[in-house]
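This report concerns only the one structure given below.
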Amino acid sequence: MSFFKYLRDQHLTIIFFAACLALTDFMLWLQPKEVMPWHDLLYLNLLLGLFFCGFLVATYWHQRQWYLQINSRCQAKAAGLNWRLEQPQTFAQQQVVTYVNQLLDYHQQSLAQLLRQNQDQKEFIASWVHDIKVPLAALQMLNESYQDRLPEKINFQMTDELTRIDHYVEQVLYYSRLDAFSKDYLIQEHALKTIINQVVRDNATYFLHKKIHFQLNGKNLTVLTDEKWLYFILNQIIANSLKYTAPNGHITVNLSQTEQGVKLSITDDGIGIAPQDLQRIFDKGFTGNNGRQKAVKATGLGLYLAKQLSEKLGHQLTAQSTIAQGTTLTLLFPFLSYYNDEFNRLLR
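Here full-length UniProt numbering is used: the first residue of the sequence shown is 1, the next is one more, and so on.
Next up, the structure:
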């Protein structure tokens with residue numbers, strides 16, 4: 001708190017002093033026997049005013065350290081929640097310090113409890129995912145063993161449902177790992193075509209059943225990324241393309257290199273995304289008009305996770321779409337030199 005703000009805060013005290021001084025002058029002026037000369041009265045007023053100003057300055061200086069402490073905590077914002085108030089100069093300040101410190105203690109206890117609960121929940125989810133993968137893998141093996149004994153349609157339905165369950169389980173697992181991303185990634189050089197082909201092979205059943213034509217264009221470019229996380233991102237995007245592309249449709253992956261970095265574009269000729277939905281497709285839980293269709297059963301997590309993981313890896317995921325024509329999702333892997341050039345441009 002500045003000295004002028006302190007004076008404004010003490011305006012009632014100043015008004016009271018001025019009123020008392022005026023009343024004293026008036027009483028002295030009314031004395032019929034001993035009239036005080038006006039210059040003596042002025043000198044007395046100046047002397048009392050000087051003492052009063054000195055009192056205000058001394059009081060402010062005495063409490064200045066406490067005001068600076070409050071101001072530093074206000075400027076620290078969230079970091080100030082870890083600092084306890086100290087050095088009260090008055091009884092009123094002592095009450096404020098006691099109350100605020102009790103609130104800070106309660107905040108820290110509540111935060112610690114919330115973090116423990118959150119960690120317990122994440123550990124439970126991770127354990128649940130790993131536990132459920134065992135019977136899921138057994139069901140997939142059982143389905144494969146009966147593949148020749150079941151009609152093609154029923155076999156595909158079984159495979160589709162099992163794959164969908166596995167897909168949702170993976171979404172839950174990766175969603176629970178978002179906050180702990182920094183502990184579980186390894187950035188290395190990876191060839192994009194290798195990862196893309198693996199994603200396509202894992203979704204081969206859908207490509208074959210819907211007779212989707214797949215095309216991969218461009219050179220086998222190498223980028224810095226984490227293979228596991230990038231696989232998950234591409235799998236979410238291609239799974240979405242398969243979901244919204246009609247039978248006999250086309251899905252095309254284009255690899256190119258620009259001044260900014262390497263671009264990976266996945267284009268389908270599906271139903272497209274409405275303009276009012278396009279800006280929200282990366283929001284958590286958003287399904288849009290397409291996701292509300294009964295035949296689709298969207299969760300609203302796939303593209304959200306893809307966007308979040310892309311940002312954590314330093315990649316840029318964008319989308320373009322036209323109704324009834326298709327959708328293109330582009331993943332940009334910026335060069336390190338591009339970041340340096342952008343930083344230097346901002347400095348200029």
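No residue lacks a Cβ here, since even glycine has one placed at the ideal position from N, Cα and C.
Item, Value
"Environment of residue 211 [buried if 16+ CB atoms lie within 10 Å]", "exposed"
"Ordered list of beta strand (DSSP E) runs contained in the stretch 142-226, each at least 3 residues", "188-191, 213-217 and 222-225"
"Within-7 Å CB hit, residue 14 to chain B", "Going by chain labels, chain B is absent from the structure shown, which holds only one protein chain."
"Secondary structure of residue 320, DSSP reduced to three states", "strand"
"Residue 252, enclosing beta strand (DSSP E) - first and last residue", "250-257"
"Helix, strand or coil at residue 275 [DSSP, three-state]", "helix"
"First and last residue of the uninterrupted alpha helix (DSSP H) at residue 3", "3-9"
"Pick from 332, 255 and 325 that is closest to residue 317, judged by C-alpha positions", "332"
"Nearest neighbour of residue 169, chosen from 148, 180 and 135 [CA to CA]", "135"
"Contact check, residue 100 vs residue 85, beta carbons under 7 Å", "yes"
"Straight-line gap, residue 294 to residue 238 (C-alpha atoms, nearest Å)", "With a pLDDT of only 46 at residue 294, under 50, the local geometry of the prediction cannot be trusted, and the value read off the model is given with reservation. Each residue's Cα considered, the two are about 20 Å apart."
"DSSP state of residue 15 mapped onto helix, strand, coil", "helix"
"Buried or exposed (CB count within 10 angstroms, at least 16 for buried), residue 261", "buried"
"DSSP beta-bridge partners of residue 243", "DSSP output for residue 243 lists no bridge partner at all."
"Stretch pair the stretch 212-220 + the stretch 170-184: three plus CB contacts closer than 8 Å", "no"
"Rounded straight-line distance, which links the Cα of residue 308 to that of residue 123", "21 Å"
"Residue range of the unbroken beta strand (DSSP E) whose run includes residue 283", "Where residue 283 is concerned, there is no enclosing beta strand (DSSP E), given that its DSSP letter is neither H nor E."
"Contact set for residue 87: own chain, Cβ-Cβ below 8 Å, skip 5 residues either direction", "65, 66 and 69"
"Cα-Cα separation, residue 2 to residue 91", "21 Å"
"Among 323, 241 and 287, the one whose alpha carbon lies nearest that of residue 330", "241"
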